[in-house]
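Chains as they are written, first to last, in the numbering used here: chain W, 1401 to 1676; chain B, 6 to 306.
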């Protein structure tokens, strides 16, 4: 099993798309901090008050709230795409055939893929928070602002929530890769689902008929991921912002159920279908 | 008693549209032999091999491969295979791809250099797989198949897409793989290839295994080719001597199924009867003739 996991990790770690995604995360975080710093340091006169408040998010104390905005939907979309590529490409390149004739059983191969993907999510999460921490530290030093980090328990919760959200959407991508047995359709359908069903339809259902059908939206993975992100609070509270649909605990459970469902779908398809 | 490394009984695979890709195939491959599965494109060779390594499940029938049901990890641990074409990760080098394979099959990475050397790829092992030529890709596929030192090697059309030089190199490689008691199952639509490297052949047509025997048996008994004038007199004489079923027409000459040792006797008898012999030589049916005879009969049935 260890060898199979090592093989899966070797494939993930060497893949340009994953390396580009990791570099992209660092670049986006750097851009957010640079643009934010410029915008909030030299604001228009009419926005000076709100800019001063928003700038607090760029300091180490606001690290979690600032980075959580990155996780949903952008982080989820990246995880979905990488998940779809991880399994869909195996069919496109014909390597699924190679792997399944090497010896490890189909389920063992899937478990190794899940473990490697989980490790990848942890690495991506650590890169996100490390690059955010470095950027916030630089901003604080440049501004001569006091350096105060969030409590360790809050950082641990944020790392856990981020990993859960990224992993559940990564697993959705992997399941779509198994369904379509190619990466292009898996990525396309996955992103359409994330944008159309989760975002547009979710909002429509939430507000439709005076909110009578909110219970449907409460079951969507995107709504639960958003609620989990919102549970960490905002730098500046927006009174017009919609309240989270569900509490953090329910969001965690729902996302975990989705993750298990995606694994079951993947296992069923991989185990039962012929590989051409 | 010969030990069978592959044994199938009534192996059948149908596809959704009702097409029978493999129809009740009974096939046996003994330990240590190089077995050729011969058939035209679309005959069912690849589907048969896919079933033997567990990629495709049969609709009916059964198989034992390397002592196990197809696709079982214990069996696959003893099989090295290259099915249809070599498929690896294009962004990894040849060497890194073999590292991935070595991790899957739990083989020391030290073995990778040996395997690369066996297929003459050491010099280009650090190049990306995506930049390899077709021949190099196929050789890397063979290296991956050999990495775990399997007792059974299954190669599906390994010379597909190769230039003549690459084909010759691959045949040499296959012969080398078959040395030392290793069992090789080779599928091909190239008769010459099978004839050159295989001990035994199974001919598959329209999903059915129409004949299974040694290459020597398949080619049948030797014969004698006779070109003589007048042809009618020659045919009449030869038919009287050997019977009508033993005399056939080949390219304007007569082919007589008899021991070539009797050529001198035959020449003497024809000359005595006033038949002028312009050509008299021993012949054997080519595998190609046998193949088309077998598949033609099958198509006509």
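Just so you know, even glycine gets a beta-carbon here, dropped at the ideal spot from N, CA and C. On a predicted model such as this, the values are computed, not experimentally measured, just so you know.
Given residue i, which residues of its chain have a CB within under 7 Å of its CB, disregarding the five upstream and five downstream residues?
i               : result
residue 93(B)   : 102, 134, 145
residue 1468(W) : 1558, 1629, 1632
residue 66(B)   : 13, 14, 15, 16, 17, 29
residue 73(B)   : 79, 80
residue 255(B)  : 230
residue 1685(W) : Residue 1685(W) is absent from the structure shown; chain W starts at 1401 and stops at 1676.
residue 1491(W) : 1581, 1582
residue 155(B)  : 83, 84, 85
Can you give me the C-alpha to C-alpha distance between residue i and residue j, rounded to a whole angstrom?
i               : j               : result
residue 284(B)  : residue 278(B)  : 16 Å
residue 209(B)  : residue 105(B)  : 35 Å
residue 131(B)  : residue 12(B)   : 40 Å
residue 1663(W) : residue 1485(W) : 16 Å
residue 1637(W) : residue 1465(W) : 11 Å
residue 232(B)  : residue 259(B)  : 6 Å
residue 1564(W) : residue 1661(W) : 14 Å
residue 1445(W) : residue 1531(W) : 31 Å
residue 186(B)  : residue 1482(W) : 45 Å
residue 289(B)  : residue 251(B)  : 13 Å
residue 1404(W) : residue 88(B)   : 21 Å
residue 238(B)  : residue 269(B)  : 18 Å
residue 108(B)  : residue 158(B)  : 19 Å
residue 299(B)  : residue 282(B)  : 32 Å
residue 240(B)  : residue 294(B)  : 22 Å
residue 305(B)  : residue 297(B)  : Annotation note: pLDDT 37 at residue 305(B) (below 50); position unreliable, coordinate value reported separately. Cα-Cα distance, rounded: 11 Å.
residue 84(B)   : residue 1434(W) : 57 Å
residue 76(B)   : residue 1653(W) : 37 Å
residue 1498(W) : residue 1506(W) : 12 Å
residue 1510(W) : residue 49(B)   : 29 Å
residue 4(B)    : residue 46(B)   : No answer is possible for residue 4(B): the residues shown for chain B start at 6 and end at 306.
residue 166(B)  : residue 286(B)  : 37 Å
residue 1454(W) : residue 1547(W) : 17 Å
residue 171(B)  : residue 1538(W) : 59 Å
residue 221(B)  : residue 188(B)  : 19 Å
residue 1540(W) : residue 113(B)  : 50 Å
Take residue i and list the residues in its own chain whose beta-carbon comes closer than 6 Å to its own, dropping the five residues that flank it on each side.
i               : result
residue 1606(W) : 1614, 1617
residue 1586(W) : 1484, 1488, 1576, 1577, 1580
residue 1626(W) : 1472
residue 1428(W) : none
residue 303(B)  : Note that residue 303(B) scores a pLDDT of 43, beneath 50, so its modelled location is shaky and nothing firm can be said.
residue 234(B)  : 281
residue 204(B)  : 38, 39
What are the boundary residues of the alpha helix (DSSP H) that residue i is part of?
i               : result
residue 1542(W) : 1506-1543
residue 1650(W) : 1648-1672
residue 1487(W) : 1476-1492
residue 116(B)  : 115-123
residue 100(B)  : 99-110
residue 1497(W) : 1495-1500
residue 1464(W) : 1463-1470
residue 80(B)   : 78-81
residue 51(B)   : 50-57
residue 1452(W) : 1448-1455
Quick check on the DSSP output: the beta strand (DSSP E) that includes residue i runs from which residue to which?
i               : result
residue 1420(W) : Premise fails: residue 1420(W) lies in the alpha helix (DSSP H), 1416-1441, not in any beta strand (DSSP E).
residue 88(B)   : Residue 88(B) -> no beta strand (DSSP E), and no H or E assigned at all.
residue 39(B)   : 39-43
Name the DSSP bridge partner or partners of residue i?
i               : result
residue 309(B)  : Residue 309(B) is absent from the model: chain B starts at 6 and stops at 306.
residue 18(B)   : 27(B)
residue 34(B)   : 11(B)
residue 323(B)  : In the structure displayed, chain B extends from 6 to 306; residue 323(B) sits before or after that span and is not available.
residue 1402(W) : Residue 1402(W) is not bridged to any residue.
residue 84(B)   : 157(B)
Is residue i near the ligand MN, judged by its Cβ being under 6 Å from some heavy atom?
i              : result
residue 181(B) : Of ligands this structure carries none, so the ligand MN is not represented either.
Excluding five sequence neighbours on each side, which residues of the same chain lie with their C-beta closer than 8 Å to the C-beta of residue i?
i               : result
residue 207(B)  : 32, 40, 41, 42, 43, 214, 216, 217
residue 1567(W) : 1479, 1517, 1518, 1521, 1659
residue 1645(W) : 1606, 1614, 1617, 1618, 1623, 1624, 1626, 1627
residue 151(B)  : 85, 120, 123, 124, 158, 182
residue 1562(W) : 1467, 1468, 1471, 1475, 1525, 1528, 1529
residue 98(B)   : 130, 131, 132, 133, 134
Legend entry - Secondary structure, beta strand (DSSP E): runs of 3+ residues fully inside the stretch 225-299 of chain B: For secondary structure counted as the beta strand (DSSP E) over 3 or more consecutive residues, the stretch 225-299 of chain B holds these complete runs in sequence order: 228-234, 252-255, 258-261, 281-288.
Legend entry - Ordered list of beta strand (DSSP E) runs contained in the stretch 1572-1636 of chain W, each at least 3 residues: The DSSP assignment places no complete beta strand (DSSP E) segment of no fewer than 3 residues inside the stretch 1572-1636 of chain W.
Legend entry - Inside the stretch 166-230 of chain B only - alpha helix (DSSP H) runs reaching at least 4 residues: List check, alpha helix (DSSP H) in window: 169-182, 196-202, 220-224.
Inset, instruction - Would you list, in sequence order, the uninterrupted alpha helix (DSSP H) runs of no fewer than 4 residues that lie entirely inside the stretch 126-162 of chain B? - result: Qualifying alpha helix (DSSP H) stretches, in chain order: 139-151.
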